[in-house]
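Read the structure below first, then the notes.
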Amino acid sequence: MNRYNFFAFLSGCIFCFFVFVAFAETIDSTSNPLKIFNLPQIVKAADVNSKVFVFAGEQIPLTMDAKERLDRELSVNSYYHSAMIQYLKLSNRYFPVIEKILLENGVPDDFKYLAVAESGLRHVTSSANAKGFWQFRKLAAKEMNLEVNDEVDERYHIERSTRAACHYLLQLKRRFGTWVDAAAAYNVGPTNYRNDLRDQKENTYYDMNLPEETMRYIFRLVAIKEIMSQPDRFGFYIDQMERYPPLDNYREVLVDQSIENWGDFAHENGVTYRQLKIYNPWLRDNHLTVIKNKYQIKIPNDVGK
1 MNRYNFFAFL SGCIFCFFVF VAFAETIDST SNPLKIFNLP QIVKAADVNS
51 KVFVFAGEQI PLTMDAKERL DRELSVNSYY HSAMIQYLKL SNRYFPVIEK
101 ILLENGVPDD FKYLAVAESG LRHVTSSANA KGFWQFRKLA AKEMNLEVND
151 EVDERYHIER STRAACHYLL QLKRRFGTWV DAAAAYNVGP TNYRNDLRDQ
201 KENTYYDMNL PEETMRYIFR LVAIKEIMSQ PDRFGFYIDQ MERYPPLDNY
251 REVLVDQSIE NWGDFAHENG VTYRQLKIYN PWLRDNHLTV IKNKYQIKIP
301 NDVGK
């Protein structure tokens, strides 16, 4: 066999080998579709049939209608990866603060997920101009004794706004009888909720026909609770070091006089303007006019981290 024939024979063998490997992988891919597209996950529906779902100690009645509504929210929230990852990271920072205040005020721990549903644990403003973790409108905030003006907006004060939310939820619970009805009324407004109960001649959330957001609301809370309380079951693996750290290493400075400029105040206390605002997001301007109130300002200690 001359050199030309040898190389032709060798090339033919190599070609046959690759054809065989490709054919074998094709056969294997037929039994495992993920290998065809090289997908990183198996997409499955959430299981709503194998357990009892509870919110604030109250069991969710899984009728056909309720089951489908819950299934929708579990599917939407479990596959809304970017948002859920943020919720899980932020919960490490804010849940300990919220949980403590809920417990002190006799409000079920599950209501921390209401803050997630309302704001994603961020200081957001809605299209209806509701603000903060608990999405209070200005009038409702003032009724809950929160200070709201151009310089101070306690809707952004996590401790004070959470206490206000507890007070409001307790009012709704006394008025409507169950925690589920209190949560639904929180979403749609107590007057609207009372009118819908009366007009539809029903006495429970699950038997009413409400605006779509409120129809989905309780089931969204349950879905967020299910995913965040056992994230690994839904494919979320967030290491502790990847979660956002608590903002709990600070000292407080009492302010009982007007502040001309928060930047000067920050620098005098060894922090930057941005660091001051991270710890005190309720300070809405670059100055403060004090008439009769006193304010506790958080000054972070770990400014180098």
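Taking the numbering used here, the leading residue of the sequence shown gets 1, the next gets one more, and so forth.
For every residue, glycine included, the Cβ atom is placed at its ideal position computed from N, Cα and C.
Three-way DSSP call (helix, strand, coil) for TYR250 in this model | strand
Output the distance between the C-alpha atoms of SER258 and ILE291, rounded to the nearest integer angstrom.
-> 8 Å
What alpha helix (DSSP H) runs, 4 residues minimum, are completely inside the stretch 252–281?
-> 262–268 and 273–279
Sequence-distant residues of its chain with Cβ nearer than 8 Å to ASN129 (five each side left out) | ARG137 and LYS138
Under 7 Å between the Cβ atoms of TYR244 and ILE299?
-> no
CB-CB length for GLU151 against ASP285, believed under 8 Å = 5 Å
If you draw a straight line from the C-alpha of ASN105 to the C-alpha of THR162, how long is it?
-> 10 Å
Enumerate in chain order the residues of its own chain whose CB-to-CB distance from VAL52 is below 7 Å, with the five nearest sequence positions on each side excluded.
-> GLN59
Could you pull the start and end residues of the beta strand (DSSP E) that PRO300 belongs to?
-> 295–300
Express the C-alpha separation of PRO61 and ASN192 in angstroms, rounding to a whole number.
-> 23 Å
Exposed or buried, which one is HIS81 when buried takes at least 16 other CB atoms within 10 Å?
-> exposed
Report buried or exposed for TYR168, applying the criterion of at least 16 other Cβ atoms within 10 angstroms of its Cβ.
-> buried
Could you spell out where the alpha helix (DSSP H) holding ASP76 opens and where it closes?
-> A quick correction: the sequence has Val, not Asp, at residue 76. From DSSP, the alpha helix (DSSP H) with VAL76 extends over 64–78.
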